[in-house]
Amino acid sequence: MTGRLRVVESHARRYRHTWRSSVFTGFVNPAFLLAAMGLGLGSLVDANNGAGAFSYLAFLAPGLLAATAMQTAAGESSYPVMAGIKWIKSYEAALATPIGIRDLLGGQQIWSMIRVAQVVAAFALVEVLFGALSVRQAALATIPALMTGVAFSPAIAWFTIRLENDSGLAGLFRFGIIPLFLFSGTFFPISQLPEQMQPLAVLTPLWHGVEWARDWALGSPPLWPWQWHATALAAFAVACFWGAHRALVRRMIL
Amino acid sequence: MIEDLVEAEGLVKRFGDFTAVDSIDFTVGRGEAFGFLGPNGAGKSSTMKMIGTVSPATSGTLRVLGMDPASQGRQIRSRLGVVPQDNSLDMELTVEENLMIYGRYFDLSRREVRARIADLLEFAQLTDRRTSKVEPLSGGMKRRLTIARGLINRPELILLDEPTTGLDPQARHVLWDRLYRLKREGATLIITTHYMDEAEQLCDRLVIMDNGRIVGEGSPRELIDRHTSGEVLELRLEEPVGALSGIGDHTEELADRVLVASRDAESALAEVHARGINPAMSLIRRATLEDVFLTLTGRTLVD
Ligand SMILES: Nc1ncnc2c1ncn2[C@@H]1O[C@H](COP(=O)(O)OP(=O)(O)OP(=O)(O)O)[C@@H](O)[C@H]1O
Ligand SMILES: [Mg+2]
């Protein structure tokens, strides 16, 4: 375990050089998103009574936390991992010390979750300030959001480790993360998707995170009990961590 | 206390069906400066990575510090200092941060690492660069920083993969000076290089590697005595080499000159003149490891 914590510490040391700008975006992004989608678009939706018992802002807020967790996890487990393997070669440097592959990956994943927790907390705070959720609702929605991060982070790491270079990462965001962000139930329930697309949405971890967050924050009648979502996310995380570990061994131990 | 820090027997490294290290045997004794001299692609780095326990041997036996790299890699690495061929420094971080992160990987307390950093920066002549980013440092400074980094755990065995490749002559001399100091202090060094002058300067004993095999072994002096005639006459000729037949012990034709191996190059040159041959250039020098390599492989070390 100490090896893993040392790796976390190395990430924290690097983060010291960039934290100012990351804190700024951590608050500004959610404010813009909530203003544009929640208030702007929301006024239109609410005029048509579109979100049922809730304001559109309230409907949106829990899911956005999960979606943000996904994006943060994707950011932390993609380019930084590629940099560690290929550009900075910090993985190679670390492996010459008592640090092993499991420490490197485990530490990177823990760091990724620390970042997800920071970003989600900032987002939740902004949602409370916007009046989208009460403090209690926001706190409840945070847990499914973190679990969404836990699920995505090893998945993205696995994908990245298997890439020869970073050109695949642009595709990951364009064809993976952004469509998931838009179509996984965050902005509208997946029942609005074409019939054939709905099972696909259920397969994506983000949908589970969004549904679970909305269930806990709003008590909206859930399609699935939250335990199922939690299990799906946890199983996905474990499988992807295992895959990422195997891939990193193959990549680094030649 | 074990006396041989590294023992290798029939050591092989294959990548797919390509054999990078082809069954080599060697031992490195405590306190020794041991060298691998060989051209690009000889298998030097592959061997170093196996000793450093980051690359598993395909076959053969290898013991490092008396332990088995396959099962005790972590323990071995905690007592090893590694200076990889490419520095793998974090350019975005400061000199100090690079050392701190690395030191912490060895589970040293922050206070302890800080104390060692001060000494190591002194040693690497980087004290005034402690808080500057790595990126703008010169090649020689980066190399010295990488060496300092490799020393942070006070290793018993230090692996230096081409410590001065790509540096200008002055930066190389500064580095050699630092490595001498390590030697004087009793460190065990394993150095790879494709510079014969570096091998001669730094190594007590070395092996010459070519195409994954060891083709010669000994101290620089022994290798030169065993595989050369002691002196070399270098000539640039208009005439075909055949004109030199019978002169010296052996002639070797290179792209731009002819080398005549001889115990007495002075009289060899006199004989050349006596035959009425007027070389455009002639030079007499002592035989070096370069000539050893040429004798053993028929090729030059650096081309
Ligand atoms: N991961 C790898 N996969 C396939 N081939 C490899 C790999 N690493 C090294 N090789 C090959 O093995 C051979 C030996 O490489 P190695 O890096 O050990 O040589 P070297 O003596 O260190 O050379 P250099 O002076 O260029 O550093 C080379 O032909 C190289 O292309
Ligand atoms: Mg090499």
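Taken in sequence, the protein lines are chains A and B.
Read in order, the letters of the first sequence correspond to residues 1 to 254 in this note's numbering.
Read in order, the letters of the second sequence correspond to residues 1001 to 1303 in this note's numbering.
Ideal placement from N, C-alpha and C gives every residue a C-beta, glycine not left out.
Considering Cα atoms alone, identify which of the options is closest to residue i.
{"i": "B/Ala1187", "options": "B/Val1174, B/Leu1202, B/His1173", "result": "B/Leu1202"}
{"i": "B/Arg1154", "options": "B/Asp1128, B/Ala1171, B/Leu1137, B/Ile1117", "result": "B/Ile1117"}
{"i": "B/Leu1011", "options": "B/Glu1231, B/Glu1096, B/Asp1197, B/Leu1062", "result": "B/Leu1062"}
{"i": "A/Ala93", "options": "B/Ala1124, B/Gly1052, B/Asp1256", "result": "B/Gly1052"}
{"i": "A/Ile110", "options": "A/Ser43, A/Ala124, A/Arg6", "result": "A/Arg6"}
{"i": "B/Ile1284", "options": "B/Ala1274, B/Arg1030, B/Gly1248, B/Tyr1102", "result": "B/Gly1248"}
{"i": "B/Ile1002", "options": "B/Glu1271, B/Gly1043, B/Gly1029, B/Leu1089", "result": "B/Gly1029"}
{"i": "A/Gln137", "options": "A/Arg251, A/Trp212, A/Leu44", "result": "A/Trp212"}
{"i": "B/Thr1027", "options": "B/Ala1008, B/Gln1170, B/Arg1111", "result": "B/Ala1008"}
{"i": "B/Arg1110", "options": "A/Val249, A/Leu133, A/Glu9, A/Trp228", "result": "A/Glu9"}
{"i": "B/Leu1189", "options": "B/Arg1178, B/Leu1099, B/Met1196, B/Asp1197", "result": "B/Arg1178"}
{"i": "B/Gly1043", "options": "B/Ala1033, B/Arg1149, B/Asp1022, B/Pro1136", "result": "B/Asp1022"}
{"i": "B/Gln1125", "options": "B/Pro1069, B/Ala1270, B/Leu1065, B/Thr1146", "result": "B/Thr1146"}
{"i": "B/Tyr1180", "options": "B/Gly1246, B/Thr1251, B/Gly1031", "result": "B/Gly1031"}
{"i": "B/Ala1265", "options": "B/Gly1276, B/Thr1251, B/Leu1108", "result": "B/Thr1251"}
{"i": "A/Pro154", "options": "A/Ser78, A/Arg20, A/Ser43, A/Thr18", "result": "A/Ser78"}
{"i": "A/His229", "options": "A/Cys240, A/Phe241, A/Arg214", "result": "A/Arg214"}
{"i": "B/Ala1255", "options": "B/Val1292, B/Ser1267, B/Gly1298", "result": "B/Gly1298"}
{"i": "A/Cys240", "options": "A/Ala35, A/Arg162, A/Gly40", "result": "A/Arg162"}
{"i": "B/Ile1224", "options": "B/Gly1103, B/Phe1293, B/Glu1271", "result": "B/Phe1293"}
{"i": "B/Val1006", "options": "B/Gly1016, B/Ile1101, B/Leu1065, B/Thr1019", "result": "B/Leu1065"}
{"i": "B/Val1258", "options": "B/Ser1282, B/Ser1267, B/Glu1271", "result": "B/Ser1282"}
Distance check for residue j and residue i, CA to CA, integer angstroms please.
{"i": "A/Ala237", "j": "B/Arg1144", "result": "42 Å"}
{"i": "B/Thr1127", "j": "B/Glu1290", "result": "37 Å"}
{"i": "B/Glu1156", "j": "B/Gly1081", "result": "8 Å"}
{"i": "B/Gly1166", "j": "B/Gly1139", "result": "8 Å"}
{"i": "A/Asp166", "j": "B/Glu1097", "result": "26 Å"}
{"i": "A/Gly3", "j": "A/Val45", "result": "51 Å"}
{"i": "B/Ile1214", "j": "B/Thr1047", "result": "11 Å"}
{"i": "B/Leu1206", "j": "B/Met1196", "result": "11 Å"}
{"i": "A/Ala69", "j": "A/Val116", "result": "6 Å"}
{"i": "B/Pro1039", "j": "A/Phe24", "result": "52 Å"}
{"i": "A/Gly75", "j": "A/Ile156", "result": "9 Å"}
{"i": "B/Val1095", "j": "B/Leu1121", "result": "9 Å"}
{"i": "A/Arg246", "j": "B/Gly1041", "result": "29 Å"}
{"i": "B/Arg1079", "j": "B/Ala1243", "result": "58 Å"}
{"i": "B/Arg1129", "j": "B/Met1141", "result": "9 Å"}
{"i": "B/Asp1004", "j": "A/Ile253", "result": "26 Å"}
{"i": "B/Asp1025", "j": "B/Ala1274", "result": "48 Å"}
{"i": "B/Val1113", "j": "B/Gly1103", "result": "6 Å"}
{"i": "A/Arg20", "j": "A/Arg102", "result": "30 Å"}
{"i": "A/Met1", "j": "B/Pro1069", "result": "21 Å"}
{"i": "B/Asp1210", "j": "B/Ser1045", "result": "13 Å"}
Identify, in the order they occur along the chain, each residue of the same chain with its Cβ nearer than 7 Å to the Cβ of residue i, setting aside the five sequence neighbours on each side.
{"i": "B/Ser1295", "result": "In the sequence on display, residue 1295 of chain B carries Thr and not Ser. If we look at B/Thr1295 and ignore the five residues flanking it on each side, its Cβ neighbours are His1227, Thr1228."}
{"i": "A/Gly243", "result": "Trp158"}
{"i": "B/Met1067", "result": "Gln1075, Ile1076"}
{"i": "B/Thr1193", "result": "Gly1035, Leu1037, Glu1162, Ala1199"}
{"i": "B/Gly1218", "result": "Arg1205, Arg1226"}
{"i": "A/Val119", "result": "Gly26, Thr68, Thr72"}
Please return the same chain residues whose Cβ sits closer than 8 Å to the Cβ of residue i, not counting the five positions on each side in sequence.
{"i": "B/Arg1263", "result": "Ser1229, Gly1230, Glu1231, Asp1249"}
{"i": "A/Ala234", "result": "Met147, Val150, Ala151"}
{"i": "B/Ala1280", "result": "Arg1236, Leu1237, Glu1238"}
{"i": "B/Glu1200", "result": "Pro1220, Thr1288, Leu1289"}
{"i": "A/Ile190", "result": "Phe183, Ser184, Met197, Gln198, Ala201, Val202, Trp207"}
{"i": "A/Lys177", "result": "Residue identity check: residue 177 of chain A is Ile in the sequence provided, not Lys. Only Met70, Gln71, Ala74 meet the Cβ criterion."}
{"i": "A/Leu95", "result": "Ile101, Leu104, Met252"}
Near residue i, which residues of its chain fall below 6 Å by C-beta distance, leaving aside the five closest residues on each side in sequence?
{"i": "B/Pro1084", "result": "Asp1161"}
{"i": "A/Ala67", "result": "Phe181, Thr186"}
{"i": "B/Ser1055", "result": "Lys1049"}
{"i": "B/Arg1014", "result": "Thr1058"}
{"i": "A/Trp226", "result": "Trp212, Asp215"}
Do we get a CB-CB distance below 8 Å when we pair residue i with the residues of chain C?
{"i": "B/Ile1190", "result": "In summary, chain C is missing from the structure at hand, where the protein chains are A and B."}
Please look up how many angstroms separate the CB atoms of residue i and residue j, rounded, as I've assumed it's under 8 Å.
{"i": "A/Leu133", "j": "A/Ala217", "result": "6 Å"}
{"i": "A/Ala58", "j": "A/Val126", "result": "Going by Cβ atoms, the distance from A/Ala58 to A/Val126 rounds to 14 Å, so no, they are not a contact pair."}
{"i": "B/Leu1089", "j": "B/Val1134", "result": "5 Å"}
{"i": "B/Leu1233", "j": "B/Leu1269", "result": "6 Å"}
{"i": "A/Val249", "j": "A/Thr160", "result": "A/Val249 to A/Thr160, Cβ: 15 Å. No contact."}
Q. Listed from N- to C-terminal order along the chain, which residues in the segment 1196-1223 of chain B have their beta-carbon within a distance smaller than 9 Å of any beta-carbon of chain A?
A. Taking 9 Å as the Cβ-Cβ cut-off against chain A, none of the residues of the segment 1196-1223 of chain B qualify.
Q | Residues of the segment 78-103 of chain A with Cβ closer than 7 Å to any Cβ of chain B, in chain order | A | Going along the segment 78-103 of chain A in chain order, one finds Ile88, Lys89, Ser90, Glu92, Ala93, Ala94, Leu95, Ala96, Thr97, Pro98, Ile99, Gly100 with a Cβ nearer than 7 Å to chain B.
Q | Selection of the segment 6-18 of chain A by Cβ proximity to chain B, strictly under 7 Å | A | Arg6, Glu9, Ser10, Arg13, Arg14, His17
Q | Members of the segment 1078-1102 of chain B that neighbour chain A once the beta carbon cut-off is set at 8 Å | A | Ser1078, Leu1080, Val1082, Pro1084, Asp1086, Ser1088, Leu1089, Asp1090, Met1091, Glu1092, Leu1093, Glu1097, Met1100, Ile1101, Tyr1102
**Q.** Chain-ordered residues of the segment 1107-1134 of chain B with a beta carbon less than 8 Å from chain A
**A.** Asp1107
Q | Near-chain B residues of the segment 31-45 of chain A - C-beta to any C-beta below 8 Å | A | none
**Q.** Any heavy atom of ligand 3 within less than 7 Å of residue CB: hits in chain order
**A.** Within the structure as shown, ligand 3 is missing, the only ligands being ligand 1 and ligand 2.
Q) Name the residues in the segment 1140-1151 of chain B whose C-beta lies less than 7 Å from a C-beta of chain A; which are they? A) Against chain A - using a Cβ distance shorter than 7 Å - the segment 1140-1151 of chain B contributes no residues.
**Q.** Against chain B: residues of the segment 237-254 of chain A by CB proximity under 9 Å
**A.** Met252, Ile253, Leu254
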